[in-house]
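Residue numbers (the working numbering): -18 to 131.
Below is one structure, written out as structure tokens, with a few remarks after it.
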Ligand code: CO
């Protein structure tokens, strides 16, 4: 799949919720696999559906040995502790910058089987969850950069 890059307008749209009863539809299982492949081919650690041209609330995140498919992810709790660290994005090639994110969070979502899940994340995992959910709201990490390193 082609990964859209800045300043494509699709990256700026707010993405739609996915109907829970449709999560197990073939189009979504295919999309999940295609996104996982694109993420791996581009050495990414996360990818959001708008980056492949679909304004729907689905993100894919590399986690431990596998991959998490998160439908309608929502952060329900964030730590007060904030960490500043470098980020990049497959949709903003060759740009890196320091972004402030919560150190840890709790996220609820539906997995690829349509089951409701809750995950506690911290460190890099929490950072990727926040970065990818931002994509679903049309927000790019460059919007939050405090120091740009080109
Ligand atoms: Co990104």
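Glycine included, each C-beta is placed from N, C-alpha and C at the ideal position.
The model shown is predicted, which means the values in this text are computed figures rather than measured ones.
With H, G and I counted as helix, E and B as strand and the rest as coil, what does DSSP make of residue 38? The sequence position of residue 38 within the chain shown is 57, counting from 1. DSSP places residue 38 in coil when its eight states are reduced to three.
Residues near residue 92 by beta carbon distance below 6 Å, same chain, minus five either side: As a working mapping, residue 92 is identified with position 111 in the chain shown. Only 98 meet the Cβ criterion.
Classify residue 68 as buried or exposed, calling it buried when 16 or more other Cβ atoms lie within 10 Å of its own Cβ. Here residue 68 corresponds to residue number 87 of the chain shown, with the count starting at 1. So residue 68 counts as buried.
For residue 104, the three-state DSSP class (helix, strand or coil): For this step, residue 104 is matched to residue 123 along the chain shown. Helix.
Quick check: is any heavy atom of the ligand CO less than 7 Å from the C-beta of residue 88? Numbered from 1 along the chain shown, position 107 holds the residue referred to as residue 88. Checking every heavy atom of the ligand CO against the Cβ of residue 88, none is found closer than 7 Å.
Of the residues 95, 55, 34, which one's Cα is nearest the Cα of residue 102? Looking up residue 102 in the chain shown gives position 121. Here the closest residue by C-alpha is 55.
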